[in-house]
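**Student:** Numbering (my numbering), first residue to last: 18 to 526.
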Ligand SMILES: Cc1ncc(COP(=O)(O)O)c(C=O)c1O
């Protein structure tokens with residue numbers, strides 16, 4: 018039986034008491050003060066600190082207990098299964114952290130002279146080459162800070178390509194399937210394109226008939242996720258690529274679901290011209306809650322000239338930052354990308370190698386299909402779109418029938434799962450599945466954990482018919498019970514910092 022710890026833990030600012038402090042050996046303290054003073058004096062006068070920051074004063078053990086208690090009221094990939102669909106929340110090996118936090122790497126400053134950062138340039142150069150190899154593209158840019166940011170870069174590259182060909186004015190449309198993630202149409206619109214949506218067919222794949230009808234001389238490109246957000250591989254990808262290319266458009270690969278293809282199949286070989294990679298998903302960086310991430314973009318040889326500057330160059334002996342790229346779209350982000358995230362990916366790829374990455378893909382597909390089979394037959398759940406075809410990395414069930422028969426929705430199931438110490442899957446996405454439960458187990462959870470998940474899912478579906486109130490009022494065993502979701506997501510009701518909290522309190526009195 019799971020019961021999450023629940024502490025009545027105040028915020029750390031209200032825990033502080035004047036004069037309390039952690040122990041630092043006096044000599045070390047003196048050295049730290051001296052170093053901070055030296056650093057302070059290097060700043061311009063108006064930016065120098067004249068008084069100590071108002072931080073809470075606490076002993077070491079108080080700080081330790083505070084954060085430990087908070088962590089006990091939390092849930093993460095280190096706690097257990099975290100099956101958010103299309104999010105690839107896998108366990109992140111700690112060796113990645115070790116590499117990313119080496120002082121020789123994390124103390125580097127992007128303003129340092131090129132000659133003093135040859136090591137990190139070599140790592141980034143190599144990572145670019147590895148990602149190009151994995152995706153089957155010609156060149157990769159590491160700058161984008163997220164998948165969505167990679168999408169924006171991709172659509173800007175489409176714009177640059179059509180501009181150079183003299184038909185940008187005419188090519189005003191980007192096509193996206195109805196199963197696409199919301200960032201795809203948003204990125205296309207941000208780059209100035211109109212969005213045309215094509216429906217999926219009965220198999221959950223892009224309808225070829227609808228695609229043929231949608232392409233025209235106005236088509237700038239098609240954005241596609243493969244496997245798509247139903248976990249289904251677009252079996253007509255060759256034909257899709259032909260249709261788009263013959264219409265003069267470019268094919269964009271949304272790499273959120275690259276995990277099941279790793280070292281097995283490459284988007285570049287399928288005809289994709291531009292590919293983004295959600296490094297934080299596939300290549301194991303702790304993510305969620307908005308970041309941090311990275312969304313490198315790989316392109317064909319023809320499009321490489323448009324990539325953002327600087328490009329990392331290598332002349333056989335030295336690495337350099339090359340700004341001399343007249344066709345480049347310019348910069349997409351400050352400096353060279355989210356370096357710590359890229360370093361974790363470097364460590365991950367290096368430690369697994371080609372065979373290891375292949376195994377990642379194979380086990381992630383095996384796990385998703387095992388879980389899908391075990392869930393088929395759960396009372397009230399259905400598997401829309403070709404229930405016999407194997408899935409790749411994820412599967413999407415519908416709780417529509419369950420809701421109509423018992424009143425228990427996908428949201429209620431998600432909340433009830435928390436009572437068993439399991440994270441909920443993604444719900445209500447993709448939009449083409451009513452009451453969607455989108456489940457991606459990844460390769461990093463063992464069979465016993467998958468069994469625990471499916472057994473509890475069956476149990477919850479049974480409860481929906483026998484004791485629906487238990488499910489409707491869940492969660493019961495967590496530190497925080499059912500949230501008022503509207504209130505919780507409204508910035509006016511939330512105090513996001515101690516200063517805001519004090520201000521709100523002052524307004525109340
Ligand atoms: C299919 C798909 N595409 C794109 C994105 C956007 O990626 P990011 O969250 O890295 O911006 C997501 C995010 O979950 C996704 O699931």
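Glycine included, every Cβ here is placed at the ideal spot set by N, Cα and C.
Which residue's Cα is closest to the Cα of residue 528: 290, 269, 300 and 270?
**Tutor:** Outside the shown range of the chain, which is 18 to 526, sits residue 528, and nothing can be said about it.
**Student:** Please tell me whether residue 313 and residue 159 are closer than 9 Å, where the distance is taken between their beta carbons.
**Tutor:** yes
**Student:** Which residues does DSSP pair with residue 190 in a beta bridge?
**Tutor:** 211 and 236
**Student:** Check whether the Cβ of residue 315 lies closer than 8 Å to any heavy atom of ligand 1, and answer yes or no.
**Tutor:** Residue 315: no, Cβ never under 8 Å from ligand 1.
**Student:** What I want to know is whether the C-beta of residue 280 ends up closer than 8 Å to one or more non-hydrogen atoms of ligand 1.
**Tutor:** no
**Student:** In terms of residues, what are the limits of the beta strand (DSSP E) holding residue 328?
**Tutor:** 328 to 331
**Student:** Let me know the alpha helix (DSSP H) ranges lying completely inside the segment 127 to 195, each 4 residues or longer, listed in chain order.
**Tutor:** 135 to 152 and 164 to 181
**Student:** Taking the C-alpha atoms as reference points, what is the distance between residue 241 and residue 222?
**Tutor:** Cα-Cα distance, rounded: 10 Å.
**Student:** Compare the Cα-Cα distances from residue 357 to each of 310, 379 and 338 and report the closest residue.
**Tutor:** 310
**Student:** Determine whether the beta carbon atoms of residue 39 and residue 162 lie at a separation below 9 Å.
**Tutor:** no
**Student:** Taking 8 Å as the cut-off, is the CB of residue 109 close to at least one heavy atom of ligand 1?
**Tutor:** no
**Student:** Do you know how far the Cα of residue 209 is from the Cα of residue 72?
**Tutor:** 46 Å
**Student:** Taking Cβ positions, are residue 196 and residue 411 nearer each other than 9 Å?
**Tutor:** no
**Student:** Within its chain, find whatever has a CB closer than 6 Å to the CB of residue 99; leave out the 5 residues flanking it on each side and keep chain order.
**Tutor:** Cβ within range, chain order: 106 and 440.
**Student:** Am I right that residue 276 and residue 377 are in contact with their C-beta atoms under 8 Å? What's the rounded C-beta distance?
**Tutor:** 7 Å
**Student:** Could you confirm whether any beta carbon from chain E is found closer than 9 Å to the beta carbon of residue 250?
**Tutor:** The structure shown contains no chain E; it holds only a single protein chain.
**Student:** For residue 249, does the three-state DSSP call read helix, strand or coil?
**Tutor:** coil
**Student:** State the Cα-Cα distance for the pair residue 420 and residue 426, rounded to the nearest angstrom.
**Tutor:** Going by the C-alpha atoms only, they are around 5 Å apart.
**Student:** Could you work out which residue in 220, 387, 55 and 492 is closest to residue 469 when comparing CA atoms only?
**Tutor:** 387
**Student:** For residue 297, which of 319, 321, 281 and 272 has the nearest alpha-carbon?
**Tutor:** 272
**Student:** Output the residues surrounding ligand 1, defined as those with a CB atom closer than 6 Å to any ligand heavy atom, in chain order.
**Tutor:** 103, 104, 163, 164, 165, 198, 200, 242, 246, 271, 273, 295, 310 and 312
**Student:** Quick one: give me the first and last residue of the alpha helix (DSSP H) that residue 223 is part of.
**Tutor:** Element bounds for residue 223: n/a, residue is neither H nor E.
**Student:** On the DSSP bridge assignment, give the partners of residue 456 in chain order.
**Tutor:** 101 and 412
**Student:** In the DSSP assignment, what are the bridge partners of residue 271?
**Tutor:** Per DSSP, 242.
**Student:** Going by beta carbon distance, what residues of the same chain come within less than 7 Å of residue 518, once the five residues before and after it are set aside?
**Tutor:** 512
**Student:** How is residue 60 classed by DSSP in three states: helix, strand or coil?
**Tutor:** coil
**Student:** Quick check: the Cα distance between residue 478 and residue 186, rounded to an integer number of angstroms?
**Tutor:** 53 Å
**Student:** Taking the alpha helix (DSSP H) that residue 478 belongs to, which residues open and close that run?
**Tutor:** 464 to 483
**Student:** Between which two residues does the beta strand (DSSP E) containing residue 383 stretch?
**Tutor:** Residue 383 -> not in any beta strand (DSSP E); alpha helix (DSSP H) instead, spanning 356 to 392.
**Student:** One question on the structure: do residue 317 and residue 286 come within less than 9 Å of each other, judged by their Cβ atoms?
**Tutor:** no
**Student:** Helix, strand or coil for residue 200, going by three-state DSSP, please let me know.
**Tutor:** helix
**Student:** Compute the beta-carbon to beta-carbon distance between residue 237 and residue 190, rounded to the nearest angstrom, for a pair I have assumed lies under 8 Å.
**Tutor:** Their Cβ separation, rounded to whole angstroms, is 6 Å, which keeps residue 237 and residue 190 in contact under 8 Å.
**Student:** Throw me the rounded Cβ distance for the residue 33 and residue 89 pair, which I believe falls under 8 Å.
**Tutor:** With 8 Å as the limit, residue 33 and residue 89 do not qualify as a contact, their Cβ atoms being about 21 Å apart.
**Student:** Let me know the secondary structure DSSP gives residue 526 once reduced to three states.
**Tutor:** coil
**Student:** Using the Cβ count rule (16 or more neighbours within 10 Å means buried), how would you classify residue 81?
**Tutor:** exposed
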